[in-house]
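>
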Amino acid sequence: MKRIVLVGNPNVGKSVVFSQLTGSKVMISNYAGTTVEYSRGQLTTNHETYEMLDAPGTYSLTPSSKVEEVAASLVDQADLVINVVDATNLERNLYLTAEVLEHNVPVIIALNMIDEAGHKGIHINIEALERFLGVPVIPTVAVSGEGLKKLVESIPLAKVAAFEEKNPDERWAYLGGIIRDIQEIEHRHHNWIESLQDASLKPLTGIPIAALVLYFAFQIVIGLGEILAGLIETYFFAALYEPLLIELSLLLGGSGFFHQVLIGKLINGSIAFEESMGVLTTGVFVELGVVLPFLAVFYLVLGFLEDSGYLPRLAVMVDRGMHRIGLHGYSIIPMILGFGCNVPAALSARNLESRRERFIACTLMAVAVPCMAQLAMIVGLVGRFGGAYLAVVFASLFFIWIVLGLIIDRVLPGYTPSMVIEIPPYRIPSLKAQSKKLGMRIKGLIVHATPYILGGILFVNILYTLGVIDFLGNLFSPVIQGLLGLPGEAVSTLLIGFLRKDVAVAMLIPLGLSARQVVIGAVVLAAYFPCAATFTVLVKELGAKDMFKSALIMIVTAITAGFILNLLLDRIVPAAWLASGLIILALILATLFGSTSDRRELQDLDHAA
Amino acid sequence: MEKSLVEMKPGQKGVISALRGGPGFYDKLAQIGLRKGKEVRKISSVFSRGPVTVCIDNFQVAVGYGKATRIMVEVTEGEENCSGR
Chain H
121 MKRIVLVGNP NVGKSVVFSQ LTGSKVMISN YAGTTVEYSR GQLTTNHETY
171 EMLDAPGTYS LTPSSKVEEV AASLVDQADL VINVVDATNL ERNLYLTAEV
221 LEHNVPVIIA LNMIDEAGHK GIHINIEALE RFLGVPVIPT VAVSGEGLKK
271 LVESIPLAKV AAFEEKNPDE RWAYLGGIIR DIQEIEHRHH NWIESLQDAS
321 LKPLTGIPIA ALVLYFAFQI VIGLGEILAG LIETYFFAAL YEPLLIELSL
371 LLGGSGFFHQ VLIGKLINGS IAFEESMGVL TTGVFVELGV VLPFLAVFYL
421 VLGFLEDSGY LPRLAVMVDR GMHRIGLHGY SIIPMILGFG CNVPAALSAR
471 NLESRRERFI ACTLMAVAVP CMAQLAMIVG LVGRFGGAYL AVVFASLFFI
521 WIVLGLIIDR VLPGYTPSMV IEIPPYRIPS LKAQSKKLGM RIKGLIVHAT
571 PYILGGILFV NILYTLGVID FLGNLFSPVI QGLLGLPGEA VSTLLIGFLR
621 KDVAVAMLIP LGLSARQVVI GAVVLAAYFP CAATFTVLVK ELGAKDMFKS
671 ALIMIVTAIT AGFILNLLLD RIVPAAWLAS GLIILALILA TLFGSTSDRR
721 ELQDLDHAA
Chain S
23 MEKSLVEMKP GQKGVISALR GGPGFYDKLA QIGLRKGKEV RKISSVFSRG
73 PVTVCIDNFQ VAVGYGKATR IMVEVTEGEE NCSGR
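Going down the list, the protein sequences come from chains H and S. The first sequence begins at 121 in my numbering and counts up one residue at a time. The second sequence begins at 23 in my numbering and counts up one residue at a time.
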């Protein structure tokens, strides 16, 4: 089977073309670096079937990040390249085209977003472009499917242009020379969407906009999530599911091993979805009753932020702050994705340039960014003791994020270079694309999480039955009881936390903990170690050695944080004061201990120049 | 007058006259479209060493402070509208 590779600059719509042509479902957003690994699909035309690969976006075949390396290597393995070019940004896109045409491979060009170019007053002479490049150029609007049929029909017409190899300067000079003959740009006045674009980049308006966006995103996720969870509980769990389980419980005789595993403990003779700890009771409830509603709303909000093009603007606003913890603004994207699930977040850290940045970003994300599944459980559990305790959990994680970042940035040699990112135009997210993406993500949760959640609960029950939990509880009691002030049985939550953090938080419920203990449990569970799925990805991304360092940092951080909370919370400082104190202290420390990266980068640039 | 991107005022236009860094720095910026001879307009910058956002041709690029101090522009003034993306 012949192999077609889709190549192009970031955010030009390669994944849209890919999913339209192959029918495969892939993630699509409006920012550079959505695709970090290539996706594979099949394209069947009248003549034959091709294997199609969707490469991550790259500006050049001389790569500067791990993501771009993937793209460059795919071109070498291609039988045919479809180069997707952003018509609104021709000159820069053609640089990569020129590089591709220097390879000995047949090429066709999809001149994408040709509609948007028209709106912007950019007129491209397609025949002239074809003549100059020597390969077919097909204008397309991938989102609506316009031109894609013609693109497929043109596959047999692809040609090897065999451009002579040039150095970068020669390539630019060459492109600069011909671009005037190919495109004409009319001047247009700003419309309202462009004014909003500028407003979200200027600090005076941009910072309040960023604060509002984050505030509303948070409010919507928590508020709408709770409403949805309430509805599911009333109309599904209470009305339909519970009576069914009561029947089953009777059928199993109310006790015994199978009853223990499937239904769990009966609390006062009835089923308690949060405490019974059976696969069918707590397992199903955690996944469908708590995690699903919050995650669905989170991904709804995230999808909107991704597709509108706001995230890179947020990156600009937070760049300054992120520099202090050894990162730059674009690292906010893995952090935000991490609130959904840490796995895609760790993958998206590939877009960061240096190994140093990837290490810092992955470590901070894994320690201090709990995924939505875990968050939903934390909100449910800690929230019962009042908002102040919930605030302590969030404030502690924020404090850890900042202080750990400050420390790692100082200790690690080297520096984090400042960012260079393209800011995409705002686009109004399409309802169809949004619902498709949400559907993919929810399906992903159900497919990937179900075995872990159910398996995790099964595993706990077996460990309890075998007495392993009691044994470990005694073994680790100096740390668990002595330092963290938790009952020995809490060791079981740390074990299960490696499988699923949401189930682990749920396991704190039957322990009957005090408010202080619940807060400590939640923070330690969030920080101590990534879940198995994240761990696997992190080992792959960071390498075993760096992951070992990272894991060591996580464990030490979690125990220290738990110990400090155990000392202070409610014994010395009331919850509300502790929460505000931690946030203020973190901000003061961040202000006092600025980044060393700025100075090191400037020295380096001057040295190189 | 030659100024760095950081020193330029929002709204000012000019032509990139020098990129003061090593070859890696030069290539990275060139790939995204910031090259010697390109016309740029500064849109905004975030205070206290924040990134600078500029408009080149038809698109916007945000450059972190460190790199922005080493991108030199021959400022030509003028407030002409950059058709802005």
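In this text, a Cβ means the ideal position worked out from N, Cα and C, and glycines have one as well.
Does V62 (chain S) come out as helix, strand or coil in the three-state DSSP assignment?
Strand at V62 (chain S).
> Name the DSSP bridge partner or partners of N224 (chain H)?
For N224 (chain H), which the question treats as bridged, DSSP gives no partner whatsoever.
> Give the C-beta separation of V82 (chain S) and T75 (chain S) to the nearest angstrom, bearing in mind that I take them to be a contact with Cβ-Cβ under 8 Å.
First, the residue type needs correcting, since residue 82 (chain S) is Gln and not Val in the sequence shown. Correct: roughly 6 Å between the Cβ atoms.
> In the DSSP assignment, find the alpha helix (DSSP H) that holds G682 (chain H) and state where it starts and stops.
Note, G682 (chain H): alpha helix (DSSP H), A664 to L688.
> So K186 (chain H) is in the alpha helix (DSSP H); what residue range does that whole segment cover?
Taken as a continuous stretch (DSSP letters only), the alpha helix (DSSP H) holding K186 (chain H) covers K186 to D196.
> Taking any Cβ of chain H, which residues in the region 61 to 79 of chain S have a Cβ under 7 Å from it, in chain order?
Listed by position along the chain: I65, S66, V68, F69, S70, R71, G72, P73, T75 and D79.
> Check whether the Cβ atoms of P288 (chain H) and E346 (chain H) sit closer than 9 Å, and answer yes or no.
Their beta carbons are not under 9 Å apart, which means P288 (chain H) does not touch E346 (chain H) by this criterion.
> Taking buried to mean at least 16 other C-beta atoms within 10 Å of its own C-beta, is P328 (chain H) buried or exposed?
It counts as exposed.
> Check the Cβ of L431 (chain H) against every Cβ in chain S and list those closer than 9 Å, keeping chain order.
In chain order: nothing, as chain S lies at least about 12 Å away.
> Do G423 (chain H) and I541 (chain H) have their CB atoms nearer than 9 Å?
No, the pair does not count as a contact, with Cβ atoms beyond the cut-off.
> Hey, is G36 (chain S)'s beta-carbon within less than 9 Å of any beta-carbon in chain H?
G36 (chain S) does not count as touching chain H.
> Taking 9 Å as the threshold (beta carbon to beta carbon), is H223 (chain H) in contact with chain S?
Chain S, which has no Cβ nearer than 9 Å to the Cβ of H223 (chain H), makes this no.
> Please tell me whether V95 (chain S) has its Cβ less than 9 Å away from any Cβ of chain H.
Not one chain H Cβ lies under 9 Å of V95 (chain S).
> According to the Cβ coordinates, are E61 (chain S) and V85 (chain S) closer than 9 Å?
Cβ atoms of E61 (chain S) and V85 (chain S): not closer than 9 Å.
> Identify the residues that DSSP records as bridge partners of A84 (chain S): which are they?
Its beta-bridge partners are H:I541 and S:T75.
> Find out if the Cβ-Cβ distance for the pair S538 (chain H), Y87 (chain S) is shorter than 9 Å.
The answer is yes: Cβ separation under 9 Å.
> Hey, is V127 (chain H)'s beta-carbon within less than 9 Å of any beta-carbon in chain S?
No, because no Cβ of chain S sits closer than 9 Å to the Cβ of V127 (chain H).
> Is it the case that the region 593 to 602 of chain H contacts the region 562 to 578 of chain H, given that we only count it when at least three CB pairs across the two stretches are under 8 Å?
Segments in contact, no.
> Buried or exposed: where does Q637 (chain H) fall if 16 or more other Cβ atoms within 10 Å of its Cβ makes it buried?
Looking at its Cβ environment, which holds 16 or more other Cβ atoms inside 10 Å, Q637 (chain H) is buried.
> Could you say which of H:L210, H:S144, H:G128 and H:S185 lies nearest to V201 (chain H) if we only look at CA atoms?
The candidate whose alpha carbon is nearest that of V201 (chain H) is H:G128.
> Just the Cα atoms here: how many angstroms apart are D724 (chain H) and P45 (chain S)?
Their Cα atoms are separated by approximately 12 Å.
> Determine the DSSP secondary structure at G376 (chain H), reduced to helix, strand or coil.
Coil, per DSSP.
> Taking Cβ positions only, does K50 (chain S) come closer than 9 Å to chain A?
Considering every chain present, this structure includes no chain A. Its protein chains are H and S.
> Can you check whether the CB of G398 (chain H) is closer than 9 Å to the CB of V381 (chain H)?
A contact, by the Cβ cut-off of 9 Å.
> Residues in the same chain with beta-carbon distance under 6 Å from L493 (chain H), minus the five sequence neighbours each way, listed in chain order, please.
The question names Leu, but residue 493 (chain H) in the sequence shown is Ala. These residues qualify, in order along the chain: V411 and D622.
> Quick one: which chain H residues come within Cβ less than 9 Å of V83 (chain S)?
In chain order: V540, I541, E542 and I543.
> Check whether the region 434 to 445 of chain H touches the region 517 to 528 of chain H, taking contact to mean three or more Cβ pairs, one atom from each stretch, closer than 8 Å.
The region 434 to 445 of chain H vs the region 517 to 528 of chain H: in contact.
> Taking 8 Å as the limit between beta carbons, can you name the residues of its chain near E285 (chain H), skipping five residues before and five after?
Cβ neighbours of E285 (chain H) beyond the five flanking positions: E222.
> Closer than 6 Å by C-beta to L249 (chain H): which residues in its own chain qualify, once you throw out the five before and the five after it? Chain order, please.
Hits under 6 Å: V257 and I302.
> Which word fits Q197 (chain H), buried or exposed, when buried means at least 16 other C-beta atoms lie within 10 angstroms of its C-beta?
So Q197 (chain H) counts as exposed.
> Kindly list, in the order they appear in chain H, the residues whose Cβ is closer than 8 Å to that of G33 (chain S).
Under the 8 Å cutoff, chain H gives no residues; its nearest Cβ is about 10 Å from G33 (chain S).
> Distance, Cα to Cα, R291 (chain H) vs E189 (chain H)?
Taking the straight line from one Cα to the other gives about 21 Å.
> Measuring CB atoms only, is the region 698 to 706 of chain H touching the region 506 to 520 of chain H, in the sense that at least three cross pairs come out at less than 8 Å?
Yes, since at least three Cβ pairs between the region 698 to 706 of chain H and the region 506 to 520 of chain H fall closer than 8 Å, the two stretches touch.
> Exposed or buried, which one is T613 (chain H) when buried takes at least 16 other CB atoms within 10 Å?
Per the 10 Å Cβ criterion, buried.
> Output yes if chain H places a C-beta closer than 9 Å to the C-beta of T98 (chain S); else output no.
No, because no Cβ of chain H sits closer than 9 Å to the Cβ of T98 (chain S).
> To which residues does DSSP link H243 (chain H) through a beta bridge?
Beta-bridge pairing links H243 (chain H) to H:E304.
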